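So the sequence shown is residues 19 to 620, counted in the numbering used here. Working notes, structure below.
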Amino acid sequence: MHKDKNDGVTPPEPSKSPEVPGSRAAPELPGAPEAPQVPQVPQMPEVPEVPEVPGVPQMPEVPQVPEVPEVPVTAKPARRASRGGLLAGLVSAVVIVAAGGGVVAAASLGPQPAGSRPLEAPLAAVPAGSTVGVCPGPARLLEGAPVGTDPQFSPESATAQTAVSAAVVSAAGGVLPGSRLSALDGKTAVEIAKKPVTPTPGEGAGQLVAGIVPQRFVDAASVLSADALGNQQASAGAVVSYTATDGDLQGSATAACQQPSNDLWLVGANTALGRTSVLNLSNASSTPATVSLELYGKGGQIQAPGSRGLLVAPGTTRSVILAGLAPGEEQLSVHARSAGGPVSAVIQQSVLRGLIPGGVDFISPGTSPASRQVMTGVDIQDPAAVEEVLAEPGFADAGPALQLTVPGPSDAVVEIKLFGRDGQKALPAGGVVTAKAGSVTEVSLAGIPAGHYTVATSSDVSFVAATRVTRGLKSDQGSDFAWSPSGARLGSQHVVPLPHGGDRILVFGALEDRGTITYTPITADGKIRTAATADIAGDTTSSINVPDKVGGSAVVGYVVSATGGAAYGALLLQRDGRDDVSTVAVAPGASGQEKIAVTLGY
């Protein structure tokens, strides 16, 4: 196109369109109407120039759109007219799209400038957060026959005691992070260390100290919190222990004070006759939490009215009787998910066989569903004596067992390996089982020689797992049990607080390859003592008895690290002259600053 002296636009001269290659005339049909003439397509107008914008790379030059050849159409029958009209319509559509989106088409087909190429999402540093551990309150006996899901508790026994022990380890400079033990509502009970001033780099380099809560008796849930220091999460841990020598809840129960989460899995509940399961949900945040429960039993997933939308207010604990949701379930797993504030979850599980107490435990969450689950600290008694107890009516759950829960739609073929002090031990029923999808499968560990074990399970389908530990070999006397949840692989600087009294045993298991465990005592005077190491061969389990004192001061905890092959750890607790037993998996270590991908969009 061009402008003349009168600034008018002179329309382009029509050009003759060549015939479409390969086209041929179709035979005429008598009586068919003639096809209408297709109007000539006007020439594509020029694309206006895009003004330059400072800082933005210019778009490449837009190539001129060629003229569209005119399609000759002659009077033909209806079928011919239909084909010609379709072709003309397609050509017109192409021209319209080209006219409306010429710049976009040119930018897409031509070479893209560097500024328009997609970039990887940048990584943004997320500051390390505070270390928080929520400790469950004391075990409490339900009053009367429970109706529904809301519990009524009776007074505790005369000998029941619940205590919290905690340890906070300093940074390398010897400066303790601000830390405290508080009530669930935030009221401080013990100030471990005041909030520190910004530490001087290199101050007391190489020296570690610890802030200690050796034993504090509590009557409700509590919270250990430690501030981040130097953009590194504080190394801290706490444990709550319950003991009673009389009453229906006699025995011992121990749990690590857990980091709150929005997704938790608990394995090992039992709501059959004589068994009581109370799920305690605690919210230590300032945001309300709405919790929904998914329940899995031996026969599959359980649809329970009342299991959704459980409100847990900030600074409170909500208790739910699981028998009100899933009665008569001998094998029950719970998946708790919260919207809003994160929560902690513990199941108080107890057994009463007639008038004989069968023990009490705090069932803690294990690791999330995965293709490998590992539990250590598994104590197995004399197999012949265990078989005699299991033969008694009502004692089917008085022996060691592994429970597997498969939440997905596919069955899991699970390989089970037990590693003891001298290596792998074969299961009497074989080491491969099929765990049904959406249900709980129990595998008996009776018949395994007595000793301390690590249980390693693997499959090509994700699942969760826990192992039951039992003590007591006489059906006419009280007994106890504990559940060892699946734990995380050991890394560096795990803080393992120890409850006061009893036999305390560190149990470590190494899988496949040799691992080296470094364990350093923490004493009641706040000193980090000389480290010791344990070299553990692959596919074996090693047990270390904790001394009462080191250097004249009581041992209140350990700092544990591992190198080499994959290793796992747990604390096994027993008491002289009693059949009490508890296990606590070593909690994950502290983490530093993390980086996450940030994607901008709307």
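Note that beta-carbon positions come from the ideal geometry of N, C-alpha and C, so glycine has one too. Owing to the predicted nature of the structure, the values given are computational and were not obtained by experimental measurement.
task = Can you have a look at Gln321 and say buried or exposed, based on whether 16 or more other CB atoms are within 10 angstroms of its CB?
result = exposed
inquiry  = So, with DSSP's three-state summary, where would you put Val602?
reply    = strand
message = Using 8 Å as the threshold, is the C-beta distance between Glu460 and Gln399 below it?
response = no
task = Sort Ser240, Gln349, Ala500 by Cα distance to Asn298 and report the nearest one.
result = Ser240
key: Own chain, CB closer than 7 Å to Gly204, minus 5 neighbours either side, in chain order   = Gly333
query = Is the region 175-194 touching the region 248-258, taking contact as three or more C-beta pairs under 8 Å?
reply = yes
Identity of the residues DSSP links to Cys153 by a beta bridge = Ser240
request  = Helix, strand or coil for Pro408, going by three-state DSSP, please let me know.
outcome  = It should be pointed out that residue 408 corresponds to Leu in this sequence rather than to Pro. In the structure shown, Leu408 sits in a helix (DSSP, three-state: H, G or I).
request  = Assuming Thr177 contacts Thr263 (C-beta within less than 8 Å), just tell me the rounded distance between them.
outcome  = 5 Å
key: Range covered by the beta strand (DSSP E) that runs through Arg390   = 388-398
task = Tell me whether Pro517 sits in a helix, a strand or coil according to DSSP, three-state version.
result = coil
inquiry  = Since Ser497 and Arg486 should fall inside the 8 Å C-beta cutoff, what is the C-beta to C-beta distance between them, to a whole number of angstroms?
reply    = That pair is no contact at about 12 Å.
request  = May I ask you to report which of helix, strand or coil DSSP gives Pro232?
outcome  = strand
request  = May I have a chain-ordered list of the beta strand (DSSP E) segments no shorter than 3 residues that lie completely inside the region 427-509?
outcome  = 430-438, 441-443, 450-453, 458-462, 469-489, 498-503
Beta-bridge partners of Val568, as assigned by DSSP = Ser571
request  = Tell me whether Pro418 is buried or exposed, calling it buried when 16 or more other Cβ atoms sit within 10 Å of its Cβ.
outcome  = buried
query = So what does Glu209 bridge to, in DSSP terms?
reply = Arg198
ask   = Do the CB positions of Thr289 and Leu350 come within less than 8 Å of each other?
value = yes
inquiry  = Check for me: the beta strand (DSSP E) holding Thr294 runs from which residue to which?
reply    = 293-301
key: Simplified DSSP assignment, three categories, for Ala252   = coil
task = Determine which residues share a DSSP beta bridge with Asn563 and list them.
result = Ile523
inquiry  = Helix, strand or coil for Ala584? Go by DSSP, reduced to three states.
reply    = coil
query = Using a Cβ-Cβ cut-off of 7 Å (strictly less than) and excluding sequence neighbours within five positions of Gln276, which residues of its own chain qualify?
reply = Gly151, Val152, Ser362, Ser382, Pro383
key: Cutoff 6 Å; reference Val672; Cβ partners in own chain excluding five residues on either side   = With the chain running from 19 to 620 in the structure shown, residue 672 is simply not present.
query = In whole angstroms, what separates the C-alpha of Gly426 from that of Gly286?
reply = 19 Å
task = Starting from the Cα of Gly449, find the closest Cα among Thr385, Ala552, Gly456, Leu436 and give me that residue.
result = Leu436
inquiry  = Could you tell me the alpha carbon to alpha carbon distance between Gly607 and Leu199, rounded to whole angstroms?
reply    = 19 Å
inquiry  = Between Val482 and Ser428, how many whole angstroms is the CB-CB distance? I'm expecting something under 8 Å.
reply    = 15 Å between Cβ atoms; not a contact.
inquiry  = For Gly544, which residues in the same chain have their Cβ closer than 6 Å to its Cβ, ignoring the five residues on either side in sequence?
reply    = Val227, Ala228, Ile230
task = With a cut-off of 8 Å on the beta carbons, I'd call Val364 and Ser337 a contact; round off their distance for me.
result = Their Cβ separation, rounded to whole angstroms, is 10 Å, which puts Val364 and Ser337 out of contact at 8 Å.
Per DSSP, cross-strand counterpart(s) of Lys545 = Val227
task = Please state whether DSSP places Leu267 in a helix, a strand or coil.
result = coil
request  = Find the nearest neighbour of Val574 within the set Ser300, Asp594, Asp521, judged by alpha-carbon distance.
outcome  = Asp521
task = Return helix, strand or coil for Gly376, following the three-state DSSP convention.
result = strand
task = Identify whether Pro401 lies in helix, strand or coil by the three-state DSSP scheme.
result = helix
request  = For Ser270, count neighbouring C-beta atoms within 10 Å of its own C-beta (all shown protein chains included) and say buried if the count is 16 or more, exposed if not.
outcome  = buried
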